[in-house]
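Numbering (the working numbering), first residue to last: 1055 to 1350.
Here's the structure we're looking at; comments come further down.
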Amino acid sequence: MNQVKKVQVGVILTVAICMAIVLCTPSTAKPAKASEMGQHEILKTNDYSDIPQLVIDDAASKAVTLFGKNDAKCADFTSQVLALYKEAREKDVLVIVNSGGWGWSAIAESNEKELAPGIDGILTGLGNSTLWIDYFRTDNSFYGAVGEFMMALSTNPARGHELAARTAFLTDNLPDLKVILLGISNGCTICSGAMPLLEDNEQVYSIQLGPPVWNDDSDRQRVLLLRTNGTIPDSFSHGDMITIFRANLEAACGISPQHEGDILLYIGSPGHDYDWKYDWLKEQINNFLTEYFSVN
1055 MNQVKKVQVG
1065 VILTVAICMA
1075 IVLCTPSTAK
1085 PAKASEMGQH
1095 EILKTNDYSD
1105 IPQLVIDDAA
1115 SKAVTLFGKN
1125 DAKCADFTSQ
1135 VLALYKEARE
1145 KDVLVIVNSG
1155 GWGWSAIAES
1165 NEKELAPGID
1175 GILTGLGNST
1185 LWIDYFRTDN
1195 SFYGAVGEFM
1205 MALSTNPARG
1215 HELAARTAFL
1225 TDNLPDLKVI
1235 LLGISNGCTI
1245 CSGAMPLLED
1255 NEQVYSIQLG
1265 PPVWNDDSDR
1275 QRVLLLRTNG
1285 TIPDSFSHGD
1295 MITIFRANLE
1305 AACGISPQHE
1315 GDILLYIGSP
1325 GHDYDWKYDW
1335 LKEQINNFLT
1345 EYFSVN
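The structure is reproduced here in structure tokens:
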């Protein structure tokens, strides 16, 4: 067998093994987790005394729809959404952050950490009170990574359904609340999975920055989707593998990148950078928020 044949066989075997791992992995459908931005504790409550019974019943009903007869998962989901209900009921805008990477990191740990204060400054300047939530869609584990991989390929729609159910629960029971689903990089995938289910819900909006090339919510109402920060096109979001390969080859040779950006913190991807330092990016977000969130 010549060298080319060996390489071809190796590639085929690698792909086959990866597919087998994904297909044989147990279901990752378990409740996601959320915490108030800057806090390590997961939002949960066992005190329902100040929550109307109809709201409690609605949370329990949505839990059963998502997780069936699994009492532990249903109880976890119900506890989480009722805690979030209590935190959000005095707020005008709830921002649910879906960071990039594997889905288990807070925005404060990402390259886009300055997005939060930047966006919050616009919202509060428009007269809104805000609540920011880090949404952890996966566990920090091997199975969590597999679940994220499946979701990125749109083979695990449960994540989008759960985010949509949480959001619908809040808007159904807090009719004056507006919700922004903020997605960054891979985190846009779960937003694009949830938004079609919330298309008729005029309390829900989405900002998606640098989504994978196959995700496209650009024609959907109340969605701002950007594939550039205003400097160069985002190589990851446009599927420009040649630019990504060249950037990583140059980095391996000690050549500093001309444009910032990376995937999973270490794979160079020029233009895949959505920090709050780009004037064009600020302008697009400001225009979007001013259109929908100005308090009369």
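Virtual Cβ for every residue (Gly too), placed ideally from N, Cα, C.
All values derive from a computational prediction rather than experimental measurement.
Beta bridge counterpart(s) of residue i as assigned by DSSP
i     : result
K1232 : V1147
W1186 : V1149
E1168 : Answer is none; E1168 lacks a bridge partner.
K1116 : Its beta-bridge partners do not exist; DSSP assigns none.
K1087 : F1190
Buried versus exposed, by CB contacts within 10 Å (16 or more), residue i
i     : result
C1307 : exposed
H1094 : exposed
I1075 : In this prediction, I1075 has a pLDDT of 47, which is less than 50 and means its spatial position is unreliable; what the coordinates show is noted afterwards. Flag for I1075 reads exposed.
D1188 : buried
W1186 : buried
A1126 : exposed
T1221 : buried
Q1275 : exposed
G1092 : exposed
L1108 : exposed
V1349 : exposed
L1138 : buried
G1122 : exposed
S1133 : buried
D1335 : In the sequence on display, residue 1335 carries Leu and not Asp. The residue is buried, with at least 16 neighbouring Cβ atoms inside 10 Å.
N1269 : buried
Cβ-based neighbour list, residue i, same chain, cut-off 6 Å, excluding 5 preceding and 5 following
i     : result
D1146 : N1182, S1183
D1101 : none
Own chain residues within Cβ distance below 7 Å of residue i, not counting five before or after
i     : result
F1223 : D1112, A1113, K1116, V1135
T1225 : L1231, V1233, N1255, Q1257, V1258
N1165 : D1327, D1329
S1159 : S1153
Beta-carbon gap between residue i and residue j smaller than 9 Å
i     : j     : result
L1280 : Y1328 : yes
L1148 : F1131 : no
I1286 : G1325 : yes
N1152 : I1244 : yes
A1424 : L1235 : In this structure the chain extends from 1055 to 1350, so residue 1424 is not present and cannot be described.
I1150 : A1088 : yes
G1264 : S1246 : no
S1289 : T1297 : yes
I1339 : I1261 : yes
E1216 : A1086 : yes
E1090 : K1331 : no
K1140 : I1105 : yes
V1277 : G1293 : no
Cutoff 8 Å; reference residue i; Cβ partners in own chain excluding five residues on either side
i     : result
D1333 : G1284
A1142 : L1148, L1185, L1224, L1228, L1231
L1343 : I1173, I1176, L1177, L1180
T1099 : S1133, L1136, A1137, K1140
Chain B contact for residue i (CB, 9 Å cutoff)
i     : result
W1186 : No chain B is present in this structure, which holds just one protein chain.
What residue ranges within the region 1215-1294 form continuous alpha helix (DSSP H) runs of no fewer than 4 residues, ordered along the chain?
1241-1248
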